[in-house]
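To keep things clear, I will list the structure first and then write my remarks on it.
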Amino acid sequence: MHEDQPAEPAPQATRPARDGAPRQDRPRGRGRPPGDRPKRREISGWVILDKGVGMTSTHAVAAVKRALNAKKAGHAGTLDPLASGILPIALGEATKTVPFVMDGRKAYVFSVTWGVETDTDDAEGRPVATSDDRPTQEQVEAMLPRFVGAIEQVPPRYSAIKIQGERAYDLARDGEVVELVARPVQIDRLAIVAHTPERTVIEAECGKGTYVRAIARDLGRALGCYGHVSALRRTRVGPFAEDQSCTIGALEAAEAEANAALLRPVETALDAVPHVPVSRDMAMRLMRGQPVILRGRDAPTEGKAYATCGGVLVAVGDVERGELVPHRVFHLGGTAPRNG
């Protein structure tokens with residue numbers, strides 16, 4: 001699901017200069033001598049952030065990067081500012097494994113408020129259709145199977161889908177009529193958690209590219225009462241779940257060294273990928289981008305695989321005709337946590 005929209009740059013504050021002309025405020029910290037700036041650390045691993053409502057995914061990455069004083073960071077699957085929950089953040093070499101997490105299954109708990117459909121399919125939008133009808137729990141439950149399995153789904157007009165090079169939400173904000181084409185998505189499970197006449201809380205498990213907002217919109221249309229997402233929480237992304245998470249507040253309250261203990265190993269993102277241990281000589285070949293022959297009864301014969309040497313992640317790639325062809329190599333050394 002891609003429920004986030006890229007954060008718009010915050011306007012730069014201005015203040016009068018001594019000559020009376022406005023000037024841009026200098027970003028905090030840039031005026032310090034280079035020797036006074038904290039040195040960014042080469043650190044690799046995953047932070048499983050429990051993002052709060054009101055924060056963009058971009059700002060969340062910046063906050064984690066600052067709290068751990070890390071050189072490089074990125075997230076695995078955006079989460080809308082109005083949504084809370086699991087936002088996996090990759091540091092250092094873990095950024096090379098982001099696609100594996102983004103391709104993983106996801107789980108959500110969301111509330112559908114009945115009687116109003118909005119142009120954004122969530123509570124921030126402008127009402128575009130209303131109804132006085134309200135569904136019973138039995139009616140909602142009977143409709144859910146229609147949206148489970150391999151289905152075609154039209155993304156929300158306010159989404160990051162590109163139309164001739166332009167983001168759909170940019171076109172929609174400019175008042176252009178946005179017609180998006182239905183796309184195949186996989187929804188594994190929909191189940192009612194709670195129900196009132198005005199609102200239904202639903203659990204969802206789905207694959208990459210699914211829009212929860214579109215589920216709420218289409219459910220409302222199918223029930224003839226309209227609806228939109230009024231609350232959304234992501235509870236799982238690939239191998240990462242709520243019981244592994246931490247908050248921005250907890251990270252900011254601790255020292256960078258203490259926060260490093262919260263890191264999960266880079267290879268955690270590869271839990272669904274076969275693993276092969278290799279010798280030091282084979283590891284050196286992989287690090288140079290050269291394929292190695294895999295031997296042994298349990299060696300994978302095709303598909304994705306990752307290699308470790310002495311418990312340290314070396315490379316991930318494709319197994320072709322008995323050889324592991326590396327596509328990503330890792331330079332971890334002592335900068336990442338180790339399994340076990």
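For reference, each letter of the sequence shown is one residue, going 1 to 340 in full-length UniProt numbering. Glycine residues also receive a C-beta, built at the ideal position from the N, C-alpha and C atoms. Quick caveat, the model's predicted, so the values are computed rather than measured.
Asked	Found
On a Cα-Cα basis, can you pick out the residue from G115, A73, V61 that is closest to R221?	G115
Please classify H75: does DSSP put it in a helix, a strand, or coil?	strand
Tell me where the beta strand (DSSP E) around S84 begins and ends.	84 to 91
To test your reading of the DSSP string, which unbroken beta strand (DSSP E) runs of 3 or more residues are found completely within the segment 220 to 279?	227 to 237, 275 to 277
Under the assumption that G238 contacts A191 (Cβ atoms under 8 angstroms), give the Cβ distance between them as a whole number of angstroms.	Contact doesn't hold; Cβ gap of about 21 angstroms is too wide.
When you compare each of T118, P265, M143 to I89 by their alpha carbons, which one comes out closest?	P265
Apart from the five residues just before and just after G125, which ones in its own chain have a Cβ nearer than 8 angstroms to its Cβ?	T118, D119, Y158, H228
In this structure, does DSSP put L144 in helix, strand or coil?	helix
Would you be able to state if there are at least three C-beta pairs under 8 angstroms between the segment 136 to 150 and the segment 234 to 254?	no
Taking just the CA atoms, how far does A315 sit from H275?	10 angstroms
Use the C-beta contact count for E267: other C-beta atoms within 10 angstroms, 16 or more gives buried, fewer gives exposed.	buried
Please work out which residues of its chain come closer than 7 angstroms, Cβ to Cβ, to G85, disregarding the five sequence neighbours upstream and downstream, and give them in chain order.	D50, K51, L79, R233, R234, T235
Output the distance between the C-alpha atoms of P135 and Q244, rounded to the nearest integer angstrom.	36 angstroms
Is the beta carbon of V325 less than 8 angstroms from the beta carbon of P291?	yes
Helix, strand or coil for S111? Go by DSSP, reduced to three states.	strand
Only counting the same chain, and skipping five residues up and downstream in sequence, which positions put a Cβ closer than 7 angstroms to that of K65?	A73
Leaving aside the five residues before and after P300 along the sequence, list all residues of the same chain whose C-beta is less than 8 angstroms from its C-beta, in chain order.	P274, V276, L294, V319
I'd like the list of long-range same chain contacts for S230, defined as Cβ closer than 8 angstroms, with 5 residues on each side in sequence excluded.	S111, V112, T113, D122, A123, R199
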